[in-house]
Amino acid sequence: MASRGRKRGSEGRRGDHLSRRARSEGFAARSVYKLDELQRRLSLVKPDDAVLDLGAAPGSWSARLLELTGGPVVSLDLQQIERIERAGRAATVIRGDFTDKDTINTLIELGPFDVVLSDAAPATTGNRALDTTRSAALVESALVLCGSVLKHGGNAAFKLFQGGDEQRLLSEMRQRFEAAKQLKPKASRNESFEVFLVGVGFRG
Ligand SMILES: C[S@@+](CC[C@H](N)C(=O)[O-])C[C@H]1O[C@@H](n2cnc3c(N)ncnc32)[C@H](O)[C@@H]1O
27 MASRGRKRGS EGRRGDHLSR RARSEGFAAR SVYKLDELQR RLSLVKPDDA VLDLGAAPGS
87 WSARLLELTG GPVVSLDLQQ IERIERAGRA ATVIRGDFTD KDTINTLIEL GPFDVVLSDA
147 APATTGNRAL DTTRSAALVE SALVLCGSVL KHGGNAAFKL FQGGDEQRLL SEMRQRFEAA
207 KQLKPKASRN ESFEVFLVGV GFRG
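For reference, each letter of the sequence shown is one residue, going 27 to 230 in the working numbering.
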């Protein structure tokens with residue numbers, strides 16, 4: 027991402043270590059360890075859950091999800107994803123924009139889901155105000171989408187670039203979920219300003 031170089035020292039080494047580890051374990055990106063931490067701390071995904079993964083490319087979250095659940099995993103991204111396979115199964119891969127009406131209709135047909143995850147991020151410009159505003163808009167769209175595809179009692183987690191919208195979005199989530207909180211996984215680079223907003227127990 028244009029505005030964020032790698033840090034030297036322990037953070038840089040840790041980042042390299044996680045990238046190497048992801049490759050050696052057959053994952054497309056080190057992001058998988060962020061999902062692992064969310065899962066370890068909050069048990070968002072249960073065996074047999076149907077899961078929707080928004081902003082799924084290159085596919086490390088969806089690959090892990092195929093291990094975590096025996097239920098369907100639907101992986102959506104603006105970018106083409108050839109195939110995501112793990113644990114002898116494959117995700118249903120869709121190319122599209124989850125803010126777009128036709129894509130939403132496709133997701134409604136494939137749902138409902140027990141869990142909706144979004145690691146989606148806007149293409150960064152280096153203008154932090156613009157990037158964080160676009161990131162917050164993606165969280166809002168994911169939240170609206172939940173109203174159409176997330177089951178009552180379901181869980182969700184959305185990536186957000188911190189820029190002042192955290193409390194507003196969290197309070198929106200608290201109205202729609204039994205509980206909502208903000209987390210910054212240790213696997214996020216220290217210099218990254220991303221956090222995850224997590225909602226548990228969707229009220230519909
Ligand atoms: C950080 S990457 C996701 C990494 C992924 N979780 C993994 O582990 O491989 C963010 C992705 O969000 C996607 N994205 C951003 N906006 C989107 C949108 N409106 N609809 C679908 N995908 C989107 C981007 O194309 C990009 O591939």
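Just so it is clear, CB atoms sit at the ideal spot from N, CA and C, and this is done for glycine as well.
Using only the alpha-carbon positions, how far apart do residue i and residue j sit?
i      : j      : result
Ser218 : Gly189 : 12 Å
Ala76  : Gly173 : 16 Å
Thr159 : Thr125 : 15 Å
Thr150 : Arg194 : 22 Å
Pro138 : Leu176 : 6 Å
Arg215 : Ala54  : 17 Å
Gly262 : Leu64  : Here the chain comprises residues numbered 27 to 230, so residue 262 is not present and cannot be evaluated.
Lys72  : Leu169 : 21 Å
Glu51  : Ala147 : 24 Å
Thr132 : Arg67  : 31 Å
Arg49  : Ala213 : 15 Å
Asn153 : Ser161 : 12 Å
Leu94  : Leu78  : 13 Å
Ile130 : Ala182 : 17 Å
Lys127 : Asp74  : 28 Å
Ser29  : His43  : Caution applies to Ser29, whose pLDDT of 37 falls short of 50 and renders its modelled position unreliable; the model cannot decide the point.
Asp180 : Asp62  : The residue asked about is misnamed: residue 180 is Gly in this sequence, not Asp. Going from the Cα of Gly180 to the Cα of Asp62 covers about 18 Å.
Ser36  : Asp123 : Unreliable placement is indicated for Ser36, whose pLDDT of 45 sits below 50; the coordinate value is still reported in the next sentence. Rounded to whole angstroms, Ser36 to Asp123 spans 37 Å at the Cα level.
Leu171 : Gln201 : 15 Å
So, using beta-carbon positions, are residue i and residue j closer together than 7 Å?
i      : j      : result
Ser144 : Leu92  : no
Ser57  : Ser86  : yes
Lys210 : Val226 : no
Ala83  : Val99  : no
Leu70  : Val141 : yes
Phe184 : Leu136 : no
His178 : Gly230 : yes
Ile134 : Val119 : no
Phe187 : Phe203 : no
Gln208 : Glu192 : yes
Taking the beta carbon of residue i as the centre, do at least 16 other beta carbons fall within 10 Å, making it buried, or is it exposed?
i      : result
Lys60  : buried
Ile110 : buried
Leu156 : exposed
Ser45  : exposed
Ala205 : exposed
Arg112 : buried
Arg121 : exposed
Arg47  : exposed
- [ ] Would you be able to state if there are at least three C-beta pairs under 8 Å between the region 103 to 116 and the region 158 to 170?
- [x] no
Task: Ordered list of alpha helix (DSSP H) runs contained in the region 71 to 147, each at least 4 residues - done: 86 to 94, 127 to 136
Task: Runs of alpha helix (DSSP H) lying entirely within the region 145 to 215, each at least 4 residues, in chain order - done: 154 to 175, 192 to 202
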